[in-house]
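J.: My questions all concern the structure below.
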Amino acid sequence: MTQRKRLSNTQISSQSRRRSEVAVAEEEDGDLTFTQPSTSQVQRGLERLTSAQVDQKTAEVVQYFLVKDQKKIPVRRADLVKHVLKDYRNVYPEIMKRVTQSLDQVFGLKLVEIDTKNHIYILINKLEPAEGAPLDNSPTNPKMGLLFVILSVIFMKRGAVKENVIWHTLKKLRVDPGEKHEEFGDVKKLITDEFVRQRYLEYVRIPHTDPIEHEFRWGQRADLEVSKAKILEFMGELHNQEPQSWTQQYRDAHSTPNSTQASTSSQR
Amino acid sequence: MSQQMGDSHRRFLQNMMANGIVDEQDAKTLYQHCCQTHNTQCILDKLDDFIGTINSKLQPMFMQIRKGMSEDSGHQYYALVNMAETDVTRMSSDYTDTELELFRKTMDLIVSSENGKASSTDILNTADTLSTKKLKKSETEHLLNRLVHDKWLNEKRGEYTLSTRCIIEMEPYIRTMYQDQVKVCHICHNIAFQCQICENPTCGIKIHHPCVARYFKGRTEPQCPACDDFWPHEIPEPQRKGKKTELIYMYLHVWVHS
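For the record, the sequence lines run as chains A and B.
Residue 152 in the UniProt record's numbering sits at position 152 of the first sequence; the count goes up by one each step and never skips.
Residue 134 in the UniProt record's numbering sits at position 134 of the second sequence; the count goes up by one each step and never skips.
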């Protein structure tokens with residue numbers, strides 16, 4: 001189980017951890033009522049439950065994660081406890097152990113805690129995207145294309161880009177953030193709100209600017225899900241250039257084996 | 001008999017989660033793709049065993065890949081269903097309460113109708129009677145489009161029917177909610193909406209169109225299988241599997257045996 005170890009190393013840089021704390025600070029209070037039960041508390045809790053009850057609750061939590069994942073919404077432990085676990089909070093660690101195992105063994109999904117302070121979870125696909133997949137008509141795809149463009153620009157600009165640069169780039173691709181797009185709807189909202197909530201992007205205020213300016217960075221989900229090497233390959237094709245010719249980016253792309261997918265493929 | 005799940009099973013399941021429902025041919029293509037991607041053996045006749053392995057692991061999660069027939073074409077479909085909530089709550093992450101109420105009322109209309117259909121006019125009139133919030137005409141039309149797009153309803157010439165996905169997934173719900181109204185097909189014993197009905201008033205059994213086609217095929221004097229009365233309806237031709245299907249079969253056959 002090497003991928004577990006590797007993942008915890010790259011889970012989050014301390015920098016991004018600090019940024020996300022700011023984002024969730026106002027909703028943090030919900031979690032204060034929940035303290036992680038001790039091993040003996042869990043043991044006593046389990047003795048009072050039938051195994052069917054524990055299975056049932058495990059199934060509910062798995063479904064909760066799957067539903068949230070369809071819209072790529074991260075799950076906060078506080079919400080999970082409040083809405084799903086309810087009276088089972090005293091056996092939380094045991095349920096989560098089973099949930100993690102089910103998601104992994106049955107669905108090929110990895111449960112990742114992207115924020116260890118506020119306990120926020122997302123699911124990452126352990127299976128590599130396959131070439132020539134049939135039936136790939138999911139409606140999110142055009143949005144993912146747009147996201148890929150934005151992530152590429154940020155990556156090529158070494159990690160952070162002022163928002164004006166993004167808007168300007170998109171206008172050149174005939175996507176105007178000020179207008180309603182037939183595929184994306186409110187483009188600005190999609191990028192600064194939906195992608196941010198899904199943790200694909202970070203949209204942060206640049207300090208001490210007047211008027212206020214924001215910049216974009218990669219979000220934690222992008223770090224875990226999107227291959228930088230693939231982006232560089234794509235840029236190479238676009239510019240008819242060898243990926244290696246962007247020396248810095250090439251080093252970035254190949255020094256951080258961030259993807260969980262890389263480790264699962266070796267299990268075959 | 002339950003085999004261990006591998007990455008090919010997991011990939012198949014992920015695709016089912018993304019699509020909700022696939023027809024038998026697409027399921028076979030997908031099965032083949034998943035096996036090929038993970039270098040595992042693909043035996044086309046064993047698709048149901050392959051799915052059985054997935055189902056054995058899905059069962060504790062109260063989910064299942066269930067097979068069902070399209071009332072329209074008679075083709076088989078596979079749908080990923082949620083057994084924990086046989087209520088329409090399965091859709092609750094995608095639709096508001098008001099929208100779900102309209103969907104329920106549409107189901108009421110379809111189930112209580114003679115022909116298993118509801119006209120858009122009737123549905124639009126129902127939209128005025130919602131308890132939660134009134135829906136505007138344009139909002140209702142938009143919602144109906146979404147329900148068709150998400151494969152919960154079918155639409156033909158302004159008339160709405162329950163989709164194959166809806167019938168497979170909601171079958172337990174429909175059977176409980178509409179106990180007195182719902183009828184099953186005399187041939188396949190599944191719920192029947194689009195069907196022919198025996199005109200003998202003491203009989204009145206229902207048979208799906210594709211089941212009629214298969215049952216009466218080659219019989220010159222069709223008789224009701226229950227009361228032996230003359231079957232007065234036009235007997236549809238059994239739907240052949242399309243060209244596309246045959247090509248895929250040939251392709252798969254070549255691939256499996258190469």
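Backbone N, C-alpha and C fix where the C-beta goes; we use that ideal spot for every residue, glycine too.
Using CA atoms only, rank isn't needed, just tell me which of A:PHE216, A:ILE120, A:GLN248 is closest to LYS68 of chain A.
T.: LYS68 of chain A has its Cα closest to that of A:ILE120, out of A:PHE216, A:ILE120, A:GLN248.
J.: As a quick exercise: from A:ASN164, A:ASP115, A:ARG48, A:THR192, pick the residue whose alpha carbon is nearest that of ALA78 of chain A.
T.: Checking every option, the nearest Cα to that of ALA78 of chain A belongs to A:ASP115.
J.: Measuring only between beta-carbons, confirm whether ALA59 of chain A sits less than 8 Å from chain B.
T.: So, interface residue.
J.: Once DSSP output is grouped into helix, strand and coil, what is the label at ALA160 of chain A?
T.: Coil at ALA160 of chain A, not helix or strand.
J.: Which runs of the alpha helix (DSSP H) at least 4 residues long sit entirely within the stretch 85–115 of chain A? Give them in chain order.
T.: Those alpha helix (DSSP H) runs which fall completely within the stretch 85–115 of chain A and span 4+ residues are 92–102.
J.: Pull up the distance between the alpha-carbon of ALA23 of chain A and that of MET16 of chain B, whole angstroms please.
T.: Interpretation of ALA23 of chain A is limited by its pLDDT of 43, a score under 50 that renders its predicted location unreliable; the figure taken from the coordinates is listed afterwards. When rounded, the distance between both Cα atoms is 34 Å.
J.: Closer than 8 Å by beta-carbon distance: list the chain B residues that pair up with GLY108 of chain A, in chain order.
T.: Within 8 Å Cβ-Cβ: ASP7, ARG10, ARG11, LEU13, GLN14.
J.: Please identify the residue among A:ASN240, A:LYS188, A:PRO211, A:ALA222 whose C-alpha is closest to the C-alpha of LEU201 of chain A.
T.: Closest by alpha carbon: A:ALA222.
J.: Closer than 8 Å, CB to CB, is LEU127 of chain A near chain B or not?
T.: Yes - at least one Cβ of chain B is within 8 Å of the one on LEU127 of chain A.
J.: Please state the DSSP three-state secondary structure of GLY185 of chain A.
T.: DSSP places GLY185 of chain A in strand when its eight states are reduced to three.
J.: Would you decide whether LYS110 of chain A is buried or exposed? Buried here means 16 or more other CB atoms lie within 10 Å of its CB.
T.: Buried, because 16 or more other Cβ atoms sit within 10 Å of the Cβ of LYS110 of chain A.
J.: If you draw a straight line from the C-alpha of THR161 of chain B to the C-alpha of THR121 of chain B, how long is it?
T.: Cα-Cα distance, rounded: 14 Å.
J.: Can you tell me whether THR192 of chain B is helix, strand or coil according to DSSP?
T.: Reading the sequence as shown, one finds Ala at residue 192 of chain B and not Thr. Correct three-state label for ALA192 of chain B: coil.
J.: For HIS209 of chain B, is the classification buried or exposed, using 16 other Cβ atoms within 10 angstroms of its Cβ as the cut-off for buried?
T.: HIS209 of chain B comes out buried.
J.: Would you list the residues sitting across from ARG66 of chain B in a DSSP beta bridge?
T.: The partner list for ARG66 of chain B (beta bridge, DSSP) reads B:ALA79.
J.: What does LEU58 of chain B touch in chain A if you count any residue whose Cβ is under 7 Å from its own?
T.: Here the neighbours are VAL106.
J.: List the residues that DSSP assigns as beta-bridge partners of LYS206 of chain B.
T.: Its beta-bridge partners are B:CYS185, B:ILE197.
J.: Measuring CB to CB, does GLN194 of chain B end up less than 8 Å from GLY116 of chain B?
T.: Yes. Within cutoff.
J.: Any Cβ of chain A within less than 8 Å of the Cβ of residue 259 of chain B?
T.: As displayed, chain B neither begins before 1 nor continues past 258, which places residue 259 of chain B out of reach and without an answer.
J.: By the DSSP assignment, the alpha helix (DSSP H) with ARG205 of chain A in it spans what residues?
T.: Careful: ARG205 of chain A lies outside any alpha helix (DSSP H), inside the beta strand (DSSP E) at 201–206.
J.: Give me the chain B residues within the contact set of GLN249 of chain A, using Cβ-Cβ distance strictly less than 9 Å, ordered along the chain.
T.: Under the 9 Å cutoff, chain B gives no residues; its nearest Cβ is about 29 Å from GLN249 of chain A.
J.: Going by beta-carbon coordinates alone, are GLU215 of chain A and ILE206 of chain A separated by less than 8 Å?
T.: Yes, the pair counts as a contact, with Cβ atoms nearer than the cut-off.
J.: Kindly list the residues whose CB is nearer than 6 Å to the CB of TRP167 of chain A, restricted to its own chain and excluding five residues on each side of it in sequence; keep chain order.
T.: So the list reads PRO177, once near-sequence residues are dropped.
J.: Exposed or buried, what is GLN25 of chain B when buried is set at 16 or more other beta-carbons lying within 10 Å of its beta-carbon?
T.: Result: buried.
J.: What span of residues does the alpha helix (DSSP H) with LEU144 of chain B cover, start to end?
T.: Unbroken alpha helix (DSSP H) run through LEU144 of chain B: 137–149.
J.: At what residues does the alpha helix (DSSP H) containing TYR64 of chain A begin and finish?
T.: Where TYR64 of chain A is concerned, the enclosing alpha helix (DSSP H) stretches over 51–70.
J.: So with CB distances below 7 Å, who are the chain B contacts of SER102 of chain A?
T.: Under the 7 Å cutoff, chain B gives MET61.
J.: Please list, in chain order, the residues of the stretch 35–63 of chain A that have any C-beta partner in chain B closer than 7 Å.
T.: Listed by position, the residues of the stretch 35–63 of chain A near chain B (Cβ gap below 7 Å) are ASP55, ALA59, VAL62, GLN63.
J.: Answer yes if the stretch 34–42 of chain B comes into contact with the stretch 63–76 of chain B, meaning at least three C-beta pairs across the two stretches below 8 Å, and no otherwise.
T.: With the cut-off at 8 Å, the stretch 63–76 of chain B and the stretch 34–42 of chain B do not touch.
J.: Rounded to whole angstroms, what's the CA-CA distance from ILE248 of chain B to LYS28 of chain B? Just pull it up for me.
T.: Low local confidence applies: a pLDDT of 38 at ILE248 of chain B is under 50, so the model's placement there is unreliable, with the coordinate-based value given in what follows. Cα to Cα, the separation comes out at about 9 Å.
J.: Looking at ILE205 of chain B: is its Cβ nearer than 8 Å to the Cβ of CYS198 of chain B?
T.: Taking 8 Å as the Cβ cut-off, ILE205 of chain B and CYS198 of chain B qualify as a contacting pair.
J.: List the endpoints of the continuous alpha helix (DSSP H) containing THR176 of chain B.
T.: Unbroken alpha helix (DSSP H) run through THR176 of chain B: 164–177.
J.: Within the same chain, show all residues whose beta-carbon is closer than 7 Å to that of THR132 of chain B, passing over the 5 residues directly before and after it, in chain order.
T.: Cβ within range, chain order: ASP97, THR98, GLU101.
J.: Give the secondary structure of HIS33 of chain B by DSSP, where H, G and I count as helix, E and B as strand, and everything else as coil.
T.: HIS33 of chain B falls in the helix class under three-state DSSP.
J.: Helix, strand or coil, according to DSSP, for SER73 of chain B in the structure here?
T.: Looking at SER73 of chain B - three-state DSSP - the assignment turns out to be coil, as it is neither helix nor strand.
J.: My guess is that residue 309 of chain A and VAL175 of chain A are in contact by the Cβ rule of under 8 Å, so how many angstroms apart are they, rounded?
T.: Nothing about residue 309 of chain A can be reported from this structure: the residues present for chain A run from 1 to 268 only.
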